[in-house]
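First up is the structure itself, then whatever we jot down about it.
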Amino acid sequence: MDLTLSPDELAFQQHVHEFLEAELKPEWRGVSDIDNRTQPEIMAQWQAVLAAKGWLTAGWPAANGGLGWSPMQHHIFKEACSQARAPKISTMSIGMIGPLICVFGNPEQHAFYLPRIISGADIWCQGFSEPGSGSDLASLKTAARREGEDYVVLGQKIWTTYAHVATQMFCLVRTDPLAARPQAGISMLLIDMKLPGITVRPIHTIDGEHHFNEVFFDDVRVPVSCLLGGEHKGWDVARALLAFERSGIADVVATRQLLGDVAAIAAGENRGDGRLLDEGDFADRLTKLEIALDALEILEMRVMDAAERKAARDHDASMLKILGSELKQKIHMLGIEALGIFAAAWPDDDAPVHPSGAGAKLVVDALFARATSIYGGANEVQRNIVAKILLKSAFEI
Ligand SMILES: Cc1cc2nc3c(=O)[nH]c(=O)nc-3n(C[C@H](O)[C@H](O)[C@H](O)COP(=O)(O)OP(=O)(O)OC[C@H]3O[C@@H](n4cnc5c(N)ncnc54)[C@H](O)[C@@H]3O)c2cc1C
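Residue numbering for the sequence shown is 739 to 1135, as defined by the working numbering.
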């Protein structure tokens, strides 16, 4: 795979930079740096700008506004947005449920949900995990029994990111408790979070923020028209998410920004005779992480390229998830080390913050980054997937 930008790609890169320069309001720049969750109003405004250009849904199927961008074009776009510190767009809406509805939704669902996803009118959350059903998701128990034109949902979800602000949830429920295989008895419902019987209870994380929640369903009546992809077909629908998640799963662009922040902190730190950035052991470790990130970036592009040629391997996503999440955690830890005494300060405290500006939020982010090796499928389980596939093919030789 040739990673040198072609003349067309260079022209596209230039076009994206010019677009961002012209359209990105100064007050939007950096909002996602300050707050992990971009304010819904800002997100909606930025999404409208991207939608008008046709770029918001670039990764969707062509029939629903997709542009058929190459992996490199996606990468160029993401990188440029990150460099310009553009607001984040909703991964859950634009990257997950949007394309899922494009593929599995009926015409009525397309007409109702897709415009609301694009405009940001709906904020989505993902109701998969339950107490006792995380890695072993197929064991989920939240029940949906059919009564006339409704499903009556009873059960509990947990770790539901943004359920406290979401207007809709894509939710896996058990519609056939007697199915021969647990996977065969699962359906996906699109649930309006305002329906009576839904209770959202916050769970606060170690970074002091409110990211996720417990969600309780107490005989919630969900219209049958909210079923996505057919009754008992929820497992296939959920698995299809993997295909959309391959691109960007390693989070290379954001991690490169983080590496730059850590280098900036170290450049401003004097230890011993000079800058920490130039100190042998520190510089050595920073460089090794940079090389690992370069390698990961190339691997990610190779995987995206293979996906485009329909040659993706089943363990590709797992591999990117493991390498990307663990690299991010290592860079965060080096950042904490560079901050020294400043790492003890909490952003809300009156304690002095690091003069680099990057320091204040790094501690909070580093704490949240512990979660990257858990969400989206715990890394131990991803390692099992990689080992199972690779060892199987090794033994087949
Ligand atoms: C920040 C964050 C946000 C999240 N957001 C959402 C969300 O929006 N929606 C949602 O549905 N879920 C969400 N989750 C939940 C996430 O998907 C689960 O935490 C994850 O799938 C792991 O499940 P679990 O927590 O039940 O852990 P468990 O499955 O109980 O695992 C506990 C430990 O055992 C290990 N383990 C489990 N099985 C095996 C095995 N077979 N072999 C080896 N080791 C094993 C795991 O790796 C882990 O270390 C979120 C989680 C986090 C941390």
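Cβ coordinates follow ideal geometry from the N, Cα and C atoms, glycine included.
As the structure is a computational prediction, the values presented were derived from the model and not from experiment.
C-alpha gap between residue i and residue j, whole angstroms
| i | j | result |
| --- | --- | --- |
| PRO915 | PRO934 | 24 angstroms |
| GLY1072 | ARG1023 | One point to set straight first is that residue 1072 is Leu, not Gly, in the sequence displayed. Straight-line Cα distance between these residues: approximately 8 angstroms. |
| GLY865 | SER871 | 11 angstroms |
| ASP773 | HIS948 | Per-residue confidence for ASP773 stands at a pLDDT of 49, beneath the threshold of 50, marking its modelled position as unreliable; no derived number is given. |
| ALA881 | ALA976 | 17 angstroms |
| ASP1054 | ALA1033 | 15 angstroms |
| LYS1153 | ALA796 | Nothing about residue 1153 can be reported from this structure: the residues present for the chain run from 739 to 1135 only. |
| ASP1120 | GLY1114 | Residue 1120 is actually Gln in this sequence, not Asp. Cα to Cα, the separation comes out at about 10 angstroms. |
| SER1063 | VAL990 | 10 angstroms |
| ASP1103 | HIS942 | 14 angstroms |
| THR1110 | TYR900 | 16 angstroms |
| ALA1149 | PHE1106 | This structure does not reach residue 1149, given that the chain is present from 739 up to 1135, and the question cannot be answered. |
| ILE1127 | LEU1058 | 15 angstroms |
| PRO745 | LEU805 | 19 angstroms |
| ILE1123 | PHE1133 | 15 angstroms |
| ALA822 | GLY768 | 8 angstroms |
| ASP974 | SER1094 | 47 angstroms |
| TRP897 | SER925 | 20 angstroms |
| ALA800 | ASP957 | 39 angstroms |
| LEU878 | ASP1088 | 45 angstroms |
| ASP810 | ARG884 | Sequence inspection shows Met at residue 810; the Asp mentioned does not correspond to that position. Spanning the two alpha carbons is a distance of roughly 46 angstroms. |
| ILE1112 | LEU1037 | 21 angstroms |
Residue i burial status per 10 Å Cβ neighbour count (16 or more: buried)
| i | result |
| --- | --- |
| PHE908 | buried |
| ASP860 | buried |
| LEU1129 | exposed |
| THR1026 | Correcting the residue identity first, residue 1026 is Lys in this sequence and not Thr. Its Cβ having fewer than 16 others within 10 Å, LYS1026 is exposed. |
| LYS791 | exposed |
| GLU1118 | exposed |
| ASP1011 | exposed |
| ALA760 | exposed |
| ARG994 | buried |
| ARG912 | buried |
| PHE815 | buried |
| PHE1080 | buried |
| THR937 | exposed |
| VAL874 | Checking the displayed sequence, the identity of residue 874 turns out to be Asp instead of Val. Classification for ASP874: exposed. |
| GLU779 | exposed |
| ALA818 | buried |
| GLU846 | exposed |
| TRP1084 | exposed |
Span of the beta strand (DSSP E) around residue i
| i | result |
| --- | --- |
| LYS1151 | Outside the shown range of the chain (739 to 1135) lies residue 1151, about which nothing can therefore be said. |
| MET926 | 924-930 |
| ARG883 | 881-885 |
| LEU878 | Careful: LEU878 lies outside any beta strand (DSSP E) and carries neither H nor E. |
Residue i, enclosing alpha helix (DSSP H) - first and last residue
| i | result |
| --- | --- |
| PHE950 | Premise fails: PHE950 lies in the beta strand (DSSP E), 950-961, not in any alpha helix (DSSP H). |
| PRO940 | Taken as a continuous stretch (DSSP letters only), PRO940 belongs to no alpha helix (DSSP H), being part of the beta strand (DSSP E) at 936-941. |
| GLU1046 | 1018-1046 |
| LEU788 | 778-791 |
| ARG919 | Careful: ARG919 lies outside any alpha helix (DSSP H) and carries neither H nor E. |
| GLY870 | Where GLY870 is concerned, there is no enclosing alpha helix (DSSP H), given that its DSSP letter is neither H nor E. |
| CYS909 | Taken as a continuous stretch (DSSP letters only), CYS909 belongs to no alpha helix (DSSP H), being part of the beta strand (DSSP E) at 906-912. |
| MET834 | That residue, MET834, is in no alpha helix (DSSP H); it is neither H nor E in DSSP. |
| ILE856 | 845-857 |
| GLU761 | 745-761 |
| ASP999 | 990-1005 |
| LEU741 | Neither: LEU741 is in no alpha helix (DSSP H) and is coded neither H nor E. |
| VAL903 | Per DSSP, VAL903 belongs to no alpha helix (DSSP H) and is neither H nor E. |
| PRO809 | 809-821 |
| GLU1134 | 1117-1134 |
Cβ pair residue i, residue j closer than 8 angstroms
| i | j | result |
| --- | --- | --- |
| TRP784 | ILE827 | yes |
| LEU1065 | LEU1100 | no |
| GLY836 | ILE855 | yes |
| SER770 | PRO853 | no |
| LEU1069 | LEU1015 | A small fix is needed here, since residue 1069 is Ile in this sequence, not Leu. Cβ distance not < 8 angstroms, so ILE1069 and LEU1015 don't count as in contact. |
| ARG959 | VAL890 | yes |
| GLN751 | LEU758 | no |
| SER820 | ALA992 | yes |
| ASN802 | CYS863 | no |
| HIS813 | MET1039 | yes |
| PHE842 | GLY967 | yes |
| GLU1046 | SER831 | no |
| ILE929 | GLN894 | no |
| ALA918 | HIS970 | no |
| SER857 | ALA786 | yes |
| LEU1061 | ALA1116 | no |
| LEU979 | MET834 | yes |
| CYS964 | LEU910 | no |
For this session: Run through the region 1053-1101 for me and flag every whole alpha helix (DSSP H) of 4 or more residues, listed as ranges in chain order.
Result: 1054-1077
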